[in-house]
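Q: Pasting a structure below so you can have a look.
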């Protein structure tokens with residue numbers, strides 16, 4: 273689809289005259305090149321085109337700034353209206369609350385449209401600059417990118433958008449609950465064990481704002497604060513542990529029974545004094561147990577000692593027991609968990625995988641994860657269904673399900689790929705566009721009134737987490753060239769090269785992607801940034817080129833790596849193996865009973881026959897046990913080889 277058609281299909285009708293006039297710019301480009309005998313721009317043509325482009329930029333940037341200020345004022349006005357309603361009487365006025373709710377819905381809708389407005393216009397500018405540089409004979413893009421740096425409508429107020437989302441979430445929550453404000457959530461909560469059904473989805477950068485605004489209409493944004501009244505920080509930092517053999521990585525990747533993941537986690541800023549050490553244990557369905565996450569809190573100053581084995585939690589647990597801050601059962605579980613984790617770390621020689629040393633420190637060497645990660649955690653009561661809005665969201669075009677996705681597995685497979693022998697199944701799919709065709713302006717959840725309090729009886733059992741984490745090893749630099757600081761928008765310029773005069777280039781890109789499936793991973797730019805060294809928000813060409821060189825040099829090695837696909841082993845497979853074993857035992861019992869009768873009541877020949885039958889029955893029993901254990905081992909390891917024994921029965925007969 274041509275970008276001009278795409279723009280017409282997806283623009284917001286009320287803002288039609290504030291979008292980039294892409295078709296007019298294309299017409300100017302075509303007319304002015306056709307008027308020149310050489311098919312290129314003259315100097316006066318270039319000056320006129322730049323002037324038109326400047327006017328378009330000023331129009332778009334001014335509208336973006338105006339609309340952002342308007343949304344800020346409308347949210348502030350809604351906040352004042354809610355405060356007025358709550359302070360006017362003990363019981364909030366439902367009519368006034370409903371009016372505020374309608375206004376919040378309109379604000380949420382316009383925030384979604386503003387996000388699309390920014391994205392479409394930025395893509396339009398990049399495309400028209402590319403066309404100009406290709407046909408006009410002048411290189412305008414480098415110069416115009418400097419101009420964009422002074423009117424950065426595409427990155428202006430990213431923090432303010434997040435702030436607006438949180439403020440909207442609070443207002444929706446007040447309207448939904450009738451003004452009963454929930455207490456602030458302490459980092460980590462009080463529970464040490466969690467048993468929930470978790471599904472993970474990828475969200476394309478184009479859809480992040482819309483997904484956020486849909487969710488906040490039903491669930492408040494979870495903000496962690498160590499002390500009430502302090503400024504919130506929604507960051508969650510995790511450091512995973514593993515050994516040089518990547519034992520935990522392989523266990524989590526293959527989903528073997530009892531596979532563990534051990535990590536250090538804290539909430540908020542880097543100066544947090546309370547750190548959580550967590551252990552996630554995978555359980556197969558056939559065991560009848562459920563995968564569980566367990567954790568305990570430890571002070572930051574004791575973490576290094578705990579990792580090295582020089583510090584134990586005994587003194588801390590004794591203090592908590594003396595102060596009666598936790599029950600004896602909770603403290604006993606905490607002591608057992610800390611000893612098990614520490615023993616596992618020392619026995620397996622685990623160490624933090626994020627603190628690896630690198631022999632270089634280049635800003636260009638950044639591996640970007642191109643999507644946000646949406647986690648949907650459900651803990652429904654028996655017989656109850658998931659909330660309707662959750663079902664509609666996960667079945668919509670906004671998300672793409674990725675079973676068993678793990679940031680730890682992805683980070684290891686991407687950053688330390690040369691040291692692992694197996695890769696996750698989603699890695700070869702990273703160069704594919706996960707966006708789905710959406711109907712032209714359909715009514716969405718944003719256009720509908722949010723649920724009232726009586727409709728949310730099952731909401732406390734739902735937890736939705738959108739991960740847009742920052743870098744794993746470093747943070748982005750605040751200043752830099754404008755062309756290198758557009759992570760949320762970089763992918764679309766490459767993904768939508770579908771104009772007629774770009775088809776040839778697209779073919780070349782596709783063939784290159786087939787040779788180098790990592791290309792779109794490095795060329796993309798939102799979601800998690802996996803940095804190597806202390807990098808900033810830099811252009812990834814250098815690292816991409818080095819990866820291509822490595823790929824050419826070590827293609828044979830790459831072909832030897834195995835992609836691990838998620839394979840679900842049904843419990844009935846184990847039951848079938850057990851039934852086969854019991855069938856063999858039944859035959860052995862019959863044979864043994866016959867032997868016992870001959871030994872007790874037969875003559876000399878009968879006794880000899882009974883003895884032979886006894887030996888045969890024992891051989892059959894031993895063979896049945898061996899066959900059962902052999903098949904059970906293959907099932908647990910998801911072996912794709914045949915499970916039948918072609919020679920055993922023949923030898924026995």
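Residue numbers (the working numbering): 273 to 925. Note that CB positions come from ideal geometry on N, CA and C, so glycine has one too. Being a predicted model, the structure only gives us computed values, none of them experimental.
#1: Sort out for me which residues DSSP pairs residue 644 with in a bridge.
#2: Is it buried or exposed, residue 600, if we count other Cβ atoms within 10 angstroms and call 16 or more buried?
#3: Shortest alpha-carbon distance to residue 350 belongs to which of 329, 592, 446?
#4: Starting from the Cα of residue 607, find the closest Cα among 366, 617, 589, 623 and give me that residue.
#5: Runs of 4 residues minimum, wholly inside the segment 310-362: which ones carry the alpha helix (DSSP H) assignment?
#6: Could you give the first and the last residue of the continuous beta strand (DSSP E) run that contains residue 538?
#7: For residue 889, collect the residues of the same chain with a Cβ closer than 7 angstroms to its Cβ; drop the 5 residues on either side in sequence, then sort them by chain order.
#8: For residue 950 and residue 323, I'd like the C-alpha separation in whole angstroms.
#9: Quick test of your reading: residue 674 and residue 474, contact by CB under 8 angstroms. State the CB separation rounded to the nearest angstrom.
#10: Note down the Cα distance separating residue 487 from residue 546, rounded to an integer number of angstroms.
#11: Would you tell me roughly how many angstroms separate the C-alpha atoms of residue 914 and residue 845, rounded to the nearest one?
#12: At which residues does the alpha helix (DSSP H) containing residue 688 begin and terminate?
#13: Could you have a look at residue 511 and say whether DSSP puts it in helix, strand or coil?
#14: To the nearest angstrom, how far is the alpha carbon of residue 647 from that of residue 385?
#15: What is the DSSP secondary structure of residue 668, reduced to helix, strand or coil?
#16: In terms of alpha-carbon separation, which member of 898, 897, 899, 872 lies closest to residue 886?
#17: From this set, 409, 403, 687, 394, which residue's C-alpha is nearest residue 421's C-alpha?
#18: Go through its chain and collect everything with a Cβ distance to residue 318's Cβ below 7 angstroms, but skip five positions before and after it.
#19: Run through the DSSP bridge pairs and tell me what residue 548 is partnered with.
#20: Between which two residues does the alpha helix (DSSP H) carrying residue 614 extend?
#21: Count the other C-beta atoms from every protein chain shown that fall within 10 angstroms of the C-beta of residue 776, then say buried if there are 16 or more, exposed otherwise.
#22: If you run the structure through DSSP and keep just helix, strand and coil, what is residue 858?
#23: Tell me whether residue 764 sits in a helix, a strand or coil according to DSSP, three-state version.
#24: Work out the CA separation of residue 549 and residue 433 for me, nearest whole Å.
#25: Decide if the segment 571-587 is in contact with the segment 613-623; the criterion is three or more beta carbon pairs, one per stretch, under 8 angstroms apart.
#26: Taking the C-alpha atoms as reference points, what is the distance between residue 641 and residue 683?
#27: Would you mind sorting residue 702 into buried or exposed? The rule is 16 or more other CB atoms within 10 Å of its CB.
#28: Are there 16 or more other CB atoms within 10 angstroms of the CB of residue 643, so buried, or fewer, so exposed?
#29: Quick check on DSSP: helix, strand or coil for residue 906?
#30: Quick one: is residue 343 buried, meaning 16 or more other Cβ sit within 10 Å of its Cβ, or exposed?
#31: Can you tell me whether residue 649 is helix, strand or coil according to DSSP?
#32: Go ahead and label residue 876 buried or exposed: buried means 16 or more other beta carbons lie within 10 angstroms of its beta carbon, across all protein chains shown.
#33: Taking the alpha helix (DSSP H) that residue 401 falls in, what are its first and last residues?
#34: Tell me whether the beta-carbon of residue 907 lies closer than 8 angstroms to the beta-carbon of residue 849.
#35: Pick out whichever of 664, 423, 619 has its Cα sitting closest to the Cα of residue 483.
#36: For the alpha helix (DSSP H) that contains residue 278, what are its first and last residues?
A: According to the structure data:
#1: Under DSSP, residue 644 forms a beta bridge with 475.
#2: Residue burial is scored here from C-beta neighbours: residue 600 has fewer than 16 other C-beta atoms within 10 angstroms and is therefore classed as exposed.
#3: 446
#4: 589
#5: 315-360
#6: 532-539
#7: 860, 863, 864, 867
#8: Any property of residue 950 remains undetermined from this structure, which presents the chain solely from 273 to 925.
#9: 5 angstroms
#10: Straight-line Cα distance between these residues: approximately 29 angstroms.
#11: 14 angstroms
#12: Neither: residue 688 is in no alpha helix (DSSP H) and is coded neither H nor E.
#13: strand
#14: If I take the Cα positions, the gap works out to 24 angstroms.
#15: Coil, per DSSP.
#16: 872
#17: 394
#18: Within the same chain, 408, 410 come within 7 angstroms of residue 318 by CB-CB distance, once the 5 residues on both sides are set aside.
#19: 537, 569
#20: 600-620
#21: Residue placement at residue 776 cannot be trusted, given a pLDDT of 41 that sits under 50; what the coordinates show is reported in the next sentence. By the 10 Å Cβ count, residue 776 comes out exposed.
#22: helix
#23: Residue confidence for residue 764 is low, a pLDDT of 40 falling below 50, so the modelled location carries little weight; the figure read from the coordinates is stated next. Residue 764: helix per DSSP, three-state reduction.
#24: 32 angstroms
#25: Contact holds between the segment 571-587 and the segment 613-623, because three or more Cβ pairs, one in each stretch, are under 8 angstroms apart.
#26: Straight through space, the alpha carbons of residue 683 and residue 641 are spaced by roughly 9 angstroms.
#27: In this structure residue 702 is buried. Its beta-carbon is surrounded by 16 or more other beta-carbon atoms within 10 angstroms.
#28: buried
#29: helix
#30: buried
#31: Residue 649: strand per DSSP, three-state reduction.
#32: exposed
#33: 366-407
#34: yes
#35: 664
#36: 275-282
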